[in-house]
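To start, the structure under review is shown below, and the notes come after it.
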Amino acid sequence: MSIQAPPNLNPDNLNLLVDAGINDWGGVSPVTPDYVNPEAPWPHLIDLEKQTYLSGKNLSPRLTIYPSYLNDLTTWVDEKLHSRILKLSDSTGFARDTEWTPVEKIQNLRFKSQSIIPLRHSSQLKTIVDLALQNKGLKEEQIVKFF
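Take 0 as the starting number for the sequence shown in numbering that gives the first Met the number 0 and just add one per residue.
Pasting the structure below:
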């Protein structure tokens with residue numbers, strides 16, 4: 000369950016909100032005002048990030064879909080949107096902070112299972128792991144083999 004509390008309505012007690020169990024500051028934006036409470040401007044993101052960190056949490060941008068729903072796209076989202084959502088999200092379900100992806104084309108990707116897939120060994124991966132353990136530099140082509 001996600002619990003939101005707008006930080007602009009209680010700026011002096013952010014740590015109490017975090018301690019109470021909130022896990023979402025809501026639609027905080029450096030670009031748009033709070034349309035519901037225009038008299039209370041959003042805090043600067045750097046300040047909010049610092050206060051969140053001091054409360055024992057990390058501020059992470061998210062998509063409009065919560066990570067728990069993103070992990071079950073077939074139930075919650077029209078199939079036509081799946082590849083776009085996956086392209087915008089990272090492996091934890093939050094907003095991607097880079098455009099790099101280990102696959103060339105994020106299209107028609109389907110999750111086979113939400114459970115952990117049994118480890119499969121390959122001699123190619125073993126060679127790459129051995130190089131990494133020897134502190135040899137890995138090339139991007141080698142790194143993406145793990146994904």
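Backbone N, C-alpha and C define an ideal beta-carbon position, used for all residues, glycine too. In this text, all values refer to a predicted model and were calculated from it rather than measured experimentally.
The three-state reading of DSSP puts Ser54 in coil, since its state is none of H, G, I, E or B. For Leu47, same chain residues with a beta-carbon under 7 angstroms away, outside a window of 5 residues either side, are Pro6, Trp24, Val27, Leu58 in chain order. For Thr74, the enclosing alpha helix (DSSP H) begins and ends at 72-75. Counting C-beta atoms within 10 angstroms of its own C-beta, Pro37 has fewer than 16 neighbours from the protein chains shown and is therefore classed as exposed. It is roughly 8 angstroms from the alpha-carbon of Val17 to the alpha-carbon of Thr51. Taken atom to atom, the span from the alpha-carbon of Asn70 to that of Arg95 is near 15 angstroms. In the DSSP assignment, Lys125 falls within the alpha helix (DSSP H) that extends over 122-132.
Taking Ser90 as reference, the option from Tyr65, Val30, Asp11 with the minimal CA-CA separation is Tyr65.
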